[in-house]
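Read through the structure below, which is laid out as structure tokens, and then see the notes.
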Amino acid sequence: MPDTLHSEGHFMTDGGDGFLDKVYGLDESEATKRLYADWAATYDAEVKANGYATPARCVAALAEIADDKSAPILDLGCGTGLSGEAFAEAGFTTIDGNDFSAEMLEAAERKGVYRTLALSDLERPIAAEPGQYRHMAAVGVFSPGHAPAEMIAQVIELLPAGGGFVFSLNDHALEDPSYRAEIRRLVDAGVVEVTSDTYDDHLPGRGLKSAVVCLRKL
Numbered sequence: 003m004p005d006t007l008h009s010e011g012h013f014m015t016d017g018g019d020g021f022l023d024k025v026y027g028l029d030e031s032e033a034t035k036r037l038y039a040d041w042a043a044t045y046d047a048e049v050k051a052n053g054y055a056t057p058a059r060c061v062a063a064l065a066e067i068a069d070d071k072s073a074p075i076l077d078l079g080c081g082t083g084l085s086g087e088a089f090a091e092a093g094f095t096t097i098d099g100n101d102f103s104a105e106m107l108e109a110a111e112r113k114g115v116y117r118t119l120a121l122s123d124l125e126r127p128i129a130a131e132p133g134q135y136r137h138m139a140a141v142g143v144f145s146p147g148h149a150p151a152e153m154i155a156q157v158i159e160l161l162p163a164g165g166g167f168v169f170s171l172n173d174h175a176l177e178d179p180s181y182r183a184e185i186r187r188l189v190d191a192g193v194v195e196v197t198s199d200t201y202d203d204h205l206p207g208r209g210l211k212s213a214v215v216c217l218r219k220l
């Protein structure tokens with residue numbers, strides 16, 4: 003689902019030994035779709051074996067500002083549902099997800115934590131109406147060439163005042179200054195405030211870290 007959106011690994015997440023080495027070199031959507039279709043069956047095991055820490059970190063950041071955990075959340079690029087599972091374990095009860103990979107969505111559905119799951123359009127990854135979701139998450143979604151920095155503002159525009167957007171930027175994404183620049187632009191414009199911004203483990207088994215950022219719309 004990458005931005006095109008694919009989370010948890012989609013594009014931006016990193017995965018197991020075989021697929022992880024391939025994912026960062028992808029530059030066209032059909033190749034990406036094929037990779038994630040092939041990866042769906044083993045994705046969870048591979049990222050867990052590498053200590054995938056970002057979903058829990060994103061959930062903790064959003065939980066700090068979510069006063070009503072029954073309010074609907076959209077899990078962008080939900081992949082196999084590891085992020086949705088983490089939200090559910092933390093007490094969030096109304097979680098929708100989308101992703102560009104039908105195979106990944108099948109794995110997410112089996113987890114039983116999503117209210118709805120939808121196949122996303124690579125050209126229109128955020129299928130939501132303004133105010134439809136109190137919060138949104140993009141766990142492992144952002145990556146240069148796939149989910150551009152401009153998508154941050156697109157998400158914020160769809161949120162109500164007080165709504166939160168939590169997302170991760172792994173070491174590969176952090177090499178692109180546009181993400182940090184976009185966050186600064188939105189803060190300076192008085193559109194959002196940063197409620198959390200931490201840099202810690204992403205996939206420690208692969209030596210990768212990530213920034214987890216949570217923005218609240220003003």
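Okay, so the sequence shown: first residue is 3 according to my numbering, each after it adds one. Backbone N, C-alpha and C fix where the C-beta goes; we use that ideal spot for every residue, glycine too.
- Under the three-state reduction of DSSP, Arg-117 is assigned to coil, being neither helix nor strand.
- Every unbroken stretch of the alpha helix (DSSP H) spanning 4 or more residues and falling wholly within the region 45 to 121 is given here in chain order: 45 to 51, 56 to 65, 84 to 91 and 104 to 112.
- Taken through DSSP and simplified to helix, strand or coil, Val-189 comes out as helix.
- Remark: three or more beta-carbon pairs, one from each stretch, lie closer than 8 Å, so the region 193 to 211 and the region 53 to 68 are flagged as touching.
- Scanning its chain for C-beta atoms nearer than 8 Å, with the 5 sequence neighbours on each side dropped, one finds around Glu-152 the residues Glu-184, in chain order.
- Leu-121 places its beta carbon less than 7 Å from that of Ala-104.
- Counting only residues of its own chain and dropping the five nearest sequence neighbours on each side, Ala-88 has a CB closer than 7 Å to the CB of Pro-57, Ala-58 and Val-61.
- Asp-69 and Ala-92 have their C-alpha atoms roughly 13 Å apart.
- Counted as a single uninterrupted DSSP element, the alpha helix (DSSP H) harbouring Asp-173 occupies residues 173 to 176.
- Here Gly-142 is buried: its Cβ has 16 or more other Cβ atoms, across all protein chains shown, within 10 Å.
- C-alpha of Lys-71 to C-alpha of Phe-94: approximately 5 Å in a straight line.
- His-148 and Pro-74 have their C-alpha atoms some 26 Å from each other.
- The beta-carbon separation of Leu-220 and Ala-163, rounded to 7 Å, stays under the 8 Å limit for a contact.
- Counting every other CB atom within 10 Å of its CB across the protein chains shown gives Val-157 a total of 16 or more, marking it as buried.
- The C-alpha of Ala-43 is placed about 34 Å away from the C-alpha of Pro-179.
- In the structure shown, the three-state DSSP call for Tyr-201 is strand.
- DSSP, read as helix, strand or coil, puts Ala-130 in coil.
- Bounds of the beta strand (DSSP E) holding Ala-213 are 210 to 219.
- When the Cα atoms are used, Asp-46 and Glu-131 turn out to be separated by approximately 31 Å.
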